[in-house]
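Numbering (UniProt numbering), first residue to last: 1 to 73.
What follows is the structure, encoded as structure tokens:
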């Protein structure tokens, strides 16, 4: 899947927030936008406490935060 190229200044501000693995004992696969790499990446979410940079699917992350222009997926 090709991620949309979204200019950094038009991305929602929460795309720049760090991943929050959360508290709790759950082990749920989630995705976050890594502003340093310009890619959506998978992480394990604990189930309690999070920010908006937490997506159920890679596709949702890519649609919302996209790919930094000039980076390869």
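Note that CB positions come from ideal geometry on N, CA and C, so glycine has one too.
Shortest alpha-carbon distance to residue i belongs to which of the options?
i: residue 11; options: 31, 35 and 22; result: 35
i: residue 42; options: 67, 63, 58 and 64; result: 58
i: residue 56; options: 30, 19 and 18; result: 30
i: residue 44; options: 67, 54 and 28; result: 28
Under three-state DSSP, which class holds residue i?
i: residue 44; result: strand
So, for residue i: in the same chain, excluding its five sequence neighbours on each side, which residues have a beta-carbon less than 6 Å away from its beta-carbon?
i: residue 46; result: 21, 22, 23, 24 and 26
i: residue 65; result: 11, 15 and 33
How should residue i be labelled, buried or exposed, when 16 other C-beta atoms within 10 angstroms of its C-beta is the threshold for buried?
i: residue 38; result: buried
i: residue 51; result: exposed
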